[in-house]
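Down below is the structure, laid out as C-alpha cells.
There are 6 protein chains.
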Amino acid sequence: MARMVYIGGKPSVERRALASGRIILKRETLDAIRKGDIKKGDVLQAAQLAGIQAAKRCPDIVPLCHPVPLTSVDVSLEHEDDGIRASCDVRADYRTGVEMEALCGVAGALLCVWDMVKYIEKDATGNYPSAAITDIRVLSKEKGEPAPGKRAGGKMAASRKSKMR
Amino acid sequence: MARMVYIGGKPSVERRALASGRIILKRETLDAIRKGDIKKGDVLQAAQLAGIQAAKRCPDIVPLCHPVPLTSVDVSLEHEDDGIRASCDVRADYRTGVEMEALCGVAGALLCVWDMVKYIEKDATGNYPSAAITDIRVLSKEKGEPAPGKRAGGKMAASRKSKMR
Amino acid sequence: MARMVYIGGKPSVERRALASGRIILKRETLDAIRKGDIKKGDVLQAAQLAGIQAAKRCPDIVPLCHPVPLTSVDVSLEHEDDGIRASCDVRADYRTGVEMEALCGVAGALLCVWDMVKYIEKDATGNYPSAAITDIRVLSKEKGEPAPGKRAGGKMAASRKSKMR
Amino acid sequence: MARMVYIGGKPSVERRALASGRIILKRETLDAIRKGDIKKGDVLQAAQLAGIQAAKRCPDIVPLCHPVPLTSVDVSLEHEDDGIRASCDVRADYRTGVEMEALCGVAGALLCVWDMVKYIEKDATGNYPSAAITDIRVLSKEKGEPAPGKRAGGKMAASRKSKMR
Amino acid sequence: MARMVYIGGKPSVERRALASGRIILKRETLDAIRKGDIKKGDVLQAAQLAGIQAAKRCPDIVPLCHPVPLTSVDVSLEHEDDGIRASCDVRADYRTGVEMEALCGVAGALLCVWDMVKYIEKDATGNYPSAAITDIRVLSKEKGEPAPGKRAGGKMAASRKSKMR
Amino acid sequence: MARMVYIGGKPSVERRALASGRIILKRETLDAIRKGDIKKGDVLQAAQLAGIQAAKRCPDIVPLCHPVPLTSVDVSLEHEDDGIRASCDVRADYRTGVEMEALCGVAGALLCVWDMVKYIEKDATGNYPSAAITDIRVLSKEKGEPAPGKRAGGKMAASRKSKMR
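Residue numbers (this note's numbering), protein chains in the order written: chain A, 9 to 173; chain B, 9 to 173; chain C, 9 to 173; chain D, 9 to 173; chain E, 9 to 173; chain F, 9 to 173.
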C-alpha cells in the first residue's frame, strides 16, 4: 500500500539536483522559435516559467512526494540541432533530495514547449509525426553535511563530479 | 508575447488523444515492481492515479492551455523489457484538442514511477545511472464532426488509423 | 485499474444534489460559537466559504471525479443540540451527477469547523474526547430531462421527493 | 473576524496525529470491492492515494490551517462488517499539531471510496439509501519535546496511550 | 450567508471583459526593466504568464466565482511614464460574465512585476516608498446574444463602446 | 531569463510585512454592505477568508516566489468614506521577506469584495463606472535578527516605525 515515507529522522542539509530533458522538433519549428514567430508567444520564456511552477508543484503532481521548502529553482532552455533541451537546477536545505522537483521542472518546461508549437508540428491529420519528449534524466545530485551549530549555508560535499554551472 | 489563444469560434466536437511514454529502469527495479516489493507501495496503481490527476491539472501545468471539461481519462501502465510504458487516453467534447492533457497524464504517471523506485535506482553516490523518461509521444488523435442538432455523442471521424484499444 | 470513466455519451441535463453531515461538539464549544467567542473568528461564516471552495475543488480532492462546471453551490450551517449540521446544495447542467461535489462541500465545511474550535475541544493531553464528524449523507438528488432544442433551464423531473428548500 | 493565528512563538517539535473514520456500505458493495470488481478500479488503492493527497492539501481545504512541512503520511483502509475504515497517520517536526491534516486525509480517502462505488450504492432513483461517512475522529496525538541542540529526531513523549502501529 | 449564486437559468452567450491596472515604480526600476537588467529575468514576459495563470485560477482566488471555461486570455503590459500598465482581455461562451477573471489576470500580472523588481524598489530599511498597485478597473464588457440554433460564434452586441484592440 | 533566486544562504529570521489597499465603491454599495444586504453574503467576512487563502497561495499566483511556511496571516477590512480598505499582516520565520504574501492577501480580499458587489456596481450596460482597486502598498516590514542558539521567537528589530497593531 502507498505511503509518503517518514523523513523526520533525516537531518536538514543542503540538497541540490540538476535534471535535463529534450523535446525533438522539426527544423521548421526550431526556426520559428528562434525567430520569435510562434503565435502563442516567446516559447523559451514561457517554458522557463512553466518549469519553475512545475518544480514548485511537485508534491501536487507526484502523489508520494513531500512538500519541500525550495530555496532556488533555475530552469534554462537551449536550442540543439534537432530540438530544445530544458534543464532544471533545484536547491533546498531539507531532509530529502530534490531530484523529483528537478524532474517535474524539466517535464513542465518541455510540455509547455510542445503546447506552444503544436500548430507547426501537427500534420494534416492533426497528428505529430516527429515531436517527442525524451532523455529526461537526473544529471547530478549534491548533498551537504549537517552543520553542527548553524543550519544554513553548510559547506556542500559534492556527491559526484558536478555538472552544474 | 504569450497568449491563451481564442478558441470560441471553434465548434464543440468529440475529441480524443492517446499519448504514451516510457521510463527506463534497471532489471532489479522492474522485478521489485512486479513482485510488489516497492517500499512506497504498488507502483503501477499509484502511477495510474498520478497520471489521471496530471491530465486533469493540465491547464495548471501548461500555462497557455485552456481549461477543458474532460469526459474521460484512462491511464494504463505495462511492463516492457527495459522499463515501464505509460499510456494516457483522454476524451472531451470541446473546442480544442486534448493531446496536451494526454501528454500531461503520461508525464505525471512516469514521474510517479520514478519517485517510487528512487531508492533502488540510485547508485552509491545518490545518482541515477540508468533511469530515464523517454519517448513521450502523441500516438493518435481523433476528432468528431459537429452535430447539426444534438451536440453529444456525435459519430467520430478517425483522423488517422486509430491505435486505441 | 483506476479510470475516470467516459461520460461523453450522456446528455447534459440539469443536475442537483443535496448532502449534509454533522460535527459533534461539546456544549461549551457550541455556546462559544453562538456567542461569537471563537479565537479564530466566526465559525459558521468561515465554514460556509470552506464548503463552497471544497465543492469546487472536488475533482482535485476525489481523483476519479470529472471537472464539472457548477452553476450553484449553497452551503448552510445550523446549530443542533449536540453539534453543528452542514448542508451543501450543488447544481450543474452537465453529463454527470454532482453528489460528490455536495459531499466534498459538507466535508470541507465540517473540517473547517473542527479546525476553528480545536482549542476548546482538546483535553489536557491535546486529544479530542468528544469531537466527531458523522452522518455525511446524500439527502436527495434531482435530474432534469434533456431539452430537445435548447439546452439550459430544462424542467427538472424530481427523482425523489425533494428535501431542498 | 477570521485569522490564521500566530504560531511563530511555538517551538518546532515532533508532532504526530492519527485519525480514522468509516464509510458504511451495502454488503454487495463490500463484496465487489473485495473481489476487485469495481468498474472505476481498485478502491482501496485509490482511496489511499486520495487520502495522502488530501492530507497534503489541508491548508488549501481548511482555510485557517497553516502550511505544514509534513514528514510522513500513511493512510490505511480496512474492511469492517458494514463498511470500510480509513485511518490516516501524519507526522511533522513543526510548530503546530497535525490533526487537521490527518482528518483531511481520512475525509479524502472516504470520499474517494464513495465516488468509486456510487453506481452500486445508488437505488433506482439515483439516491443513496445506505451510504454514509461517519465516525471521523482523532484517535491520538503525540508531541515531542524541543531538542536543546539538534532539532530532528527528538524523543517523543506520548501525550496519551498511543494507538499507532 | 455566502453563496455561489445560481447561474443555470442564464443562457450561454459570448462574453468578453477587458480590465487594466497599473503599478507605479521608480524611474530607475523602469529603466532596468526596459534594459532587461532585472536579476530575476524578463519582467514583462513573466508578468504576462502570471496574469494568464491568475485569470484561469479565478474561481480558486475569488471564493464565490463559478468555474468558467475560458476561450481566450490575453494579457499585455506596457511602459507608462511612472510605471507599468497591465491589461487583461478574457473571453468565454458561458452563462456569466468574465470581469472577475480579467481583474484577477491584471492583479496577478502586477503582483509578478512587483516581485521581480523588489530589490530595486526597496529602500535601505527594506520598505517601499514609491511602489503601488493602482487603478485596477474593468474597462469594458461585451455580451453576445443567445444563438437560436447553433451556440458558438454568435454575433456580439457591444454593451458599450469597446476599447478592445 | 526568469529564475526563483537562491535564498539558501540567508538565515531564517522573524519576518513580518503589512500591506493594505482599497476598493472604491458607490455609496449605495457601501450602505448595502454595512446593512448586510448583499445577495452573495457577508462581504467583509468572505473577503477576509479570500485574503488569507490568497496569502497562502502566493507562490502559486506569483511565479518566482518561494514557498514560505507562514506562521500567521491576519486580514482586516474596514469601511472608509468612499470604499473598503483591506489590510494583510503576514509573518514567517524564514529566509525571505513576506511582503508578496501580504500583497497577495490584500489583492485577494479586494477581488472578493468586487465579486460580491458586482450587481450593485454595474450600470445598465454591465460596466463599472466607479469601482476600482487602488493604493495597494506595503505599509511596513520588520525583520528579526538570527538567534545564536535557538531559532524561534527571536527578538525583532523593527526596520521602520511599525504601523502594526
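Ideal placement from N, C-alpha and C gives every residue a C-beta, glycine not left out.
Spatial neighbours of residue i in its chain, beta-carbon cut-off 7 Å, leaving aside the 5 residues before and after
i: residue 102 of chain A; result: 20, 23, 76 and 77
i: residue 100 of chain D; result: 23, 76, 77, 78, 79 and 106
i: residue 121 of chain F; result: 31, 51, 55 and 92
i: residue 66 of chain B; result: 73, 108, 109 and 112
i: residue 44 of chain B; result: 50
Run of the beta strand (DSSP E) containing residue i, from where it starts to where it stops
i: residue 153 of chain F; result: Neither: residue 153 of chain F is in no beta strand (DSSP E) and is coded neither H nor E.
i: residue 102 of chain F; result: 91–102
i: residue 81 of chain A; result: 78–88
i: residue 72 of chain F; result: Looking at the DSSP string, residue 72 of chain F is not in any beta strand (DSSP E), and its letter there is neither H nor E.
i: residue 15 of chain D; result: It is not in any beta strand (DSSP E) - residue 15 of chain D carries neither H nor E in the DSSP assignment.
i: residue 32 of chain A; result: 21–32
Within 8 Å, strictly: CB atoms of residue i and residue j
i: residue 115 of chain E; j: residue 62 of chain E; result: yes
i: residue 134 of chain F; j: residue 29 of chain E; result: no
Residue i: first and last residue of the uninterrupted alpha helix (DSSP H) it sits in
i: residue 68 of chain B; result: 66–69
i: residue 42 of chain B; result: 35–43
i: residue 117 of chain A; result: 107–129
Residue i versus residue j: straight-line alpha-carbon distance, rounded
i: residue 15 of chain A; j: residue 79 of chain D; result: 5 Å
i: residue 47 of chain C; j: residue 126 of chain A; result: 53 Å
i: residue 26 of chain E; j: residue 34 of chain B; result: 54 Å
i: residue 136 of chain C; j: residue 85 of chain D; result: 22 Å
i: residue 163 of chain F; j: residue 107 of chain F; result: Model confidence at residue 163 of chain F stands at a pLDDT of 38, short of 50, so the residue's coordinates are unreliable and nothing is read from them.
i: residue 95 of chain C; j: residue 56 of chain C; result: 9 Å
i: residue 37 of chain B; j: residue 123 of chain E; result: 44 Å
i: residue 118 of chain D; j: residue 32 of chain D; result: 10 Å
i: residue 54 of chain C; j: residue 143 of chain F; result: 27 Å
i: residue 130 of chain F; j: residue 60 of chain C; result: 25 Å
i: residue 145 of chain B; j: residue 113 of chain B; result: 12 Å
i: residue 64 of chain F; j: residue 42 of chain E; result: 31 Å
i: residue 13 of chain F; j: residue 58 of chain B; result: 29 Å
i: residue 9 of chain C; j: residue 11 of chain F; result: 39 Å
i: residue 132 of chain B; j: residue 17 of chain D; result: 41 Å
i: residue 138 of chain E; j: residue 88 of chain E; result: 15 Å
i: residue 71 of chain C; j: residue 71 of chain E; result: 22 Å
i: residue 154 of chain A; j: residue 153 of chain F; result: 22 Å
Beta-carbon proximity list for residue i, same chain, < 8 Å, skipping 5 on both sides
i: residue 171 of chain B; result: The pLDDT assigned to residue 171 of chain B is 38, lower than 50, so where the model puts this residue is not dependable; a value taken from the coordinates is nonetheless given after this. Excluding residues within five positions, the ones whose Cβ falls inside 8 Å are 26, 147 and 148.
i: residue 40 of chain B; result: 46, 125 and 128
Neighbourhood of residue i by C-beta distance below 6 Å, restricted to the same chain and skipping five residues each side
i: residue 82 of chain F; result: 97
i: residue 69 of chain C; result: 112
i: residue 140 of chain B; result: 32
i: residue 90 of chain A; result: 32
With 8 Å as the C-beta to C-beta threshold (strictly closer), list the residues of the segment 40–51 of chain E near chain F in chain order. 47, 48, 49 and 50
Which residues, in order along the segment 133–153 of chain B, keep a beta-carbon less than 8 Å from a beta-carbon of chain A? 133, 134, 135, 136, 139, 140, 141, 142, 143, 144, 145, 146, 148, 149 and 151
Contacting positions in the segment 50–79 of chain C - beta carbon closer than 7 Å to chain F: 50, 53, 54 and 57
Contacting positions in the segment 75–104 of chain B - beta carbon closer than 7 Å to chain C: 77, 78, 79, 80, 81, 82, 84, 99 and 101
If contact means a Cβ-Cβ distance below 7 Å, which residues of the segment 111–133 of chain D contact chain A? none
Below 8 Å between beta carbons is the criterion; list the residues of the segment 11–36 of chain B that meet it against any residue of chain E, in chain order. 11, 12, 13, 14, 15, 16, 17, 18, 19 and 20
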